[in-house]
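**Q** Residues are numbered in our numbering as their position in the sequence shown, beginning at 1, plus a constant of 368.
Yeah, the Cβ is synthetic: ideal placement off N, Cα and C, and Gly gets one too.
A single structure is presented below for examination.
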Amino acid sequence: MRLRESLEAVAEISPEAFEDLRGDIDPEWMLQALEATGTATLRTRRLPAEQVVWLVIGMALFRNRSIHEVVSKLDLALPGISLTVAPSTVVEARARLGAEPMEWLFSISAEHWAHKSARTHSWHGLALYGADGTTLRVPDSPANASHFGYARSVRGESAYPMVRGVGLMALRSHLLAAVAFGPYETSEIAYAVNVWSSVPRDSLTIVDRGFLSARILIPLARDGTNRHWLIRTKKNQRWRVLKRLGSGDALVEMNVSSEARKKDPSLPKVWSARAIKYQRKGFRAQTLLTSLLDPHAFPADEIATLYHERWELELGYDEIKTEMLDREEAIRSKSPTAVTQELWGVFLAYNLVRLEMERVAKDAGVEPTRISFVAALRLICDEWLWCAVATPGAIPRHLRNLRAELKTLILPPRRPKRRYPRAVKIKMSNYERKRRKASK
């Protein structure tokens with residue numbers, strides 16, 4: 369019996385034991401995703417579209433298994449004459465599905481999961497998010513090289529084609545709310561502006577200081593209702609003080625460059641923000657800029673403390689790239705469409721794991737970040753394999769055991785004074801670098 373059918377059977381037998389997990393990906397969402405993108409298929413196929421969606425998610429969770437093995441282990445193929453699924457069938461099924469249904473399904477699930485989580489774990493009534501750019505390597509195929517391109521530096525081109533993107537994450541649960549990605553040469557500014565459409569009203573987004581630009585921050589606040597931002601300044605940032613709000617706290621005004629206004633004529637000539645200077649013991653003084661202008665509603669010391677939660681986004685990226693993707697050199701797919709499809713599957717799978725972790729944290733009375741991602745990922749993958757072959761009647765008890773076991777994975781509280789120097793313990797390889805002829 370296939371996993372999805374097993375879950376539905378369990379829900380009929382004991383809905384209260386399975387309500388949460390069954391509702392993670394609403395079957396109606398999947399149907400809407402397939403119909404909206406014109407990819408619904410007949411159930412007579414060995415791998416219909418609905419099962420291929422689960423395959424793409426399984427590819428992300430079972431990084432150490434081949435794609436063909438994921439189909440077999442999760443029993444995703446419909447019963448047929450053949451006992452096995454030919455590799456060509458899997459390739460054709462993924463091609464029929466394309467990338468759009470996975471993007472659609474990620475977006476609708478993120479709307480329900482990540483934004484709800486951000487509202488639950490709010491700060492001063494504002495849903496809390498983080499936004500930053502990242503890159504991922506993809507296989508060095510001619511199609512990927514042509515579409516995504518390479519990173520270039522004084523040392524030459526990157527070893528693999530690169531995908532550049534910007535993610536929006538609910539900081540206190542690590543659930544991804546939106547992602548925009550594509551060719552490496554497209555700037556982070558362009559991807560960030562695309563992500564802003566997913567930022568809800570009554571929110572605060574903490575962004576990397578590389579995003580300190582009027583072209584990025586003005587639209588974030590202007591094009592929504594009560595949407596705010598918080599960022600650390602660059603050393604060369606200049607402004608005029610309009611009003612002192614307190615010690616190290618001032619309302620300031622900055623010029624918008626003519627270049628920025630040329631690219632976006634809607635931008636004003638000047639823009640205002642609040643500058644907050646603070647210093648932690650043992651560190652250099654830092655200055656933050658924010659659109660939170662009211663010093664009474666949003667005290668400066670609380671804003672300075674809050675800013676350091678921005679690092680939760682970096683930890684989330686590490687969970688995806690280091691733990692889920694097993695530090696592999698590149699993801700699997702060798703064509704741009706398949707890469708895009710696979711990445712949406714990675715983001716969706718990551719959110720599924722994080723969603724379960726948030727539920728366990730709520731039951732245990734701790735923050736979602738106190739649950740071990742590595743151990744939770746391993747347990748959830750083990751249970752998915754088990755459910756693929758289990759009898760329906762045994763699944764509710766097994767899932768209760770899973771939740772109980774996850775509760776034992778609570779991490780100790782964070783050590784606020786812990787420091788991580790930017791250094792490595794292993795030096796670069798002595799082997800010569802394998803280089804290609806630089807593309808023009």
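1. Evaluate G493 with the Cβ neighbour count: other Cβ atoms within 10 Å of its Cβ, from every protein chain shown; 16 or more gives buried, anything less gives exposed.
2. Is the stretch 552 to 559 touching the stretch 524 to 533, taking contact as three or more C-beta pairs under 8 Å?
3. Contact between the stretch 677 to 694 and the stretch 628 to 636: three or more CB pairs below 8 Å?
4. Helix, strand or coil for P529 per DSSP?
5. For the beta strand (DSSP E) that N594 lies in, which residues bound it at each end?
6. Please state the DSSP three-state secondary structure of R782.
7. Does the distance from the CB of A560 to the CB of F579 come in under 8 Å?
8. Do W752 and L429 have their beta-carbon atoms positioned less than 8 Å apart in this structure?
9. Are the stretch 478 to 494 and the stretch 714 to 733 touching by the rule of at least three beta carbon pairs closer than 8 Å?
10. Does the Cβ-Cβ distance between L504 and R722 come in under 8 Å?
11. Would you call the stretch 673 to 684 in contact with the stretch 700 to 717, where contact means no fewer than 3 C-beta pairs closer than 8 Å?
12. Between N562 and V575, what straight-line distance do the alpha-carbon atoms span, to the nearest angstrom?
13. DSSP state of Q647, grouped into three classes?
14. According to the neighbour-count rule (16 or more other Cβ atoms, all chains shown, within 10 Å of its Cβ), is L423 buried or exposed?
15. Grab me the residues of I699's own chain with a C-beta within less than 8 Å of its C-beta, minus the 5 sequence neighbours each way, in chain order.
16. Buried or exposed: which applies to Y799, given that a residue is buried once 16 or more other Cβ atoms fall within 10 Å of its Cβ?
17. Identify which residue in V638, D731 and I794 has its Cα closest to the Cα of S625.
18. In its own chain, which residues sit with a C-beta less than 7 Å from the C-beta of I748, not counting the 5 before and 5 after it?
19. Taking Cβ to Cβ, would you say L635 is nearer than 8 Å to I586?
20. What is the DSSP secondary structure of W397, counted as helix, strand or coil?
21. Is it true that the stretch 647 to 654 meets the stretch 586 to 598, where meeting means three or more beta-carbon pairs spaced less than 8 Å apart?
22. Residue ranges of each alpha helix (DSSP H) run of no fewer than 4 residues wholly in the stretch 457 to 542, ordered along the chain?
23. According to DSSP, is S701 helix, strand or coil?
24. Just to check my reading of the structure: P469 and V439 have Cβ atoms closer than 8 Å, yes? What is that Cβ distance to the nearest angstrom?
25. Would you decide whether D822 is buried or exposed? Buried here means 16 or more other CB atoms lie within 10 Å of its CB.
26. Just grab the DSSP bridge partners of T658 for me.
27. Taking the straight line between their C-alpha atoms, what separation do you get for Y675 and A454?
28. Go ahead and label R642 buried or exposed: buried means 16 or more other beta carbons lie within 10 angstroms of its beta carbon, across all protein chains shown.
29. Measuring CB to CB, does R612 end up less than 8 Å from V620?
30. If you reduce the DSSP assignment to three classes, tell me which class R431 lands in.
31. Return the CA-CA distance between Q419 and G535, expressed in angstroms with no decimal places.
32. Can you tell me the Cβ-Cβ gap for G498 and T573, rounded? I've got them flagged as a contact below 8 Å.
33. First and last residue of the beta strand (DSSP E) that includes G614?
34. Give a yes or no on whether the minimum CB-CB distance between D570 and chain D is below 8 Å.
35. Leaving out the 5 sequence neighbours to the left and right, which residues in its chain are closer than 8 Å to R790 when beta-carbon positions are compared?
36. So who's on the other strand from V567, going by DSSP bridges?
**A** Answer, in terms of the structure:
1. The residue is exposed, with fewer than 16 neighbouring Cβ atoms inside 10 Å.
2. As far as the Cβ criterion goes, the stretch 552 to 559 touches the stretch 524 to 533, which means the pair count is three or higher.
3. No, because fewer than three Cβ pairs between the stretch 677 to 694 and the stretch 628 to 636 fall closer than 8 Å, the two stretches do not touch.
4. Note: P529 maps to coil in three-state DSSP.
5. Here N594 belongs to no beta strand (DSSP E), and DSSP marks it neither H nor E.
6. Here R782 sits in coil by DSSP.
7. A distance below 8 Å separates the beta carbons of A560 and F579.
8. For L429 and W752, yes; Cβs fall inside 8 Å.
9. Contact holds: three or more Cβ-Cβ distances are below 8 Å.
10. Cβ atoms of L504 and R722: not closer than 8 Å.
11. Contact fails: fewer than three Cβ-Cβ distances are below 8 Å.
12. Those two C-alpha atoms are separated by around 15 Å.
13. Secondary structure at Q647: coil, using DSSP grouped into helix, strand and coil.
14. Classification for L423: buried.
15. The residues are L504, R505, V506, P507, L693, V707, E710, L711 and V714.
16. Y799 is exposed by the Cβ-count criterion.
17. Nearest option by C-alpha distance: V638.
18. So the list reads V721 and E724, once near-sequence residues are dropped.
19. Result yes, Cβ atoms of L635 and I586 sit closer than 8 Å.
20. In this structure, W397 counts as helix in the three-state DSSP scheme.
21. Taking 8 Å as the limit for Cβ pairs, the verdict is that the stretch 586 to 598 does not touch the stretch 647 to 654.
22. Entirely contained in the stretch 457 to 542, the alpha helix (DSSP H) runs reaching 4 residues are, in chain order, 468 to 488 and 510 to 516.
23. For S701, the secondary structure class from DSSP, reduced to helix, strand or coil, is coil.
24. Contact flag wrong, Cβ pair sits at about 18 Å.
25. Any answer about residue 822 is impossible in this case: the structure gives the chain only from 369 up to 808.
26. As DSSP reads the structure, T658 sits in a beta bridge with L598 and R642.
27. A direct Cα-to-Cα measurement between Y675 and A454 gives close to 51 Å.
28. Classification for R642: buried.
29. 8 Å or more divides the Cβ of R612 from the Cβ of V620.
30. Coil at R431, not helix or strand.
31. Going by the C-alpha atoms only, they are around 27 Å apart.
32. The pair is a contact, with the Cβ atoms about 7 Å apart (cut-off 8 Å).
33. R608 to G614 is the span of the beta strand (DSSP E), which, as asked, contains G614.
34. No chain D is part of this structure, which consists of one protein chain only.
35. So the list is empty, once near-sequence residues are dropped.
36. According to DSSP, V567 bridges with nothing at all.
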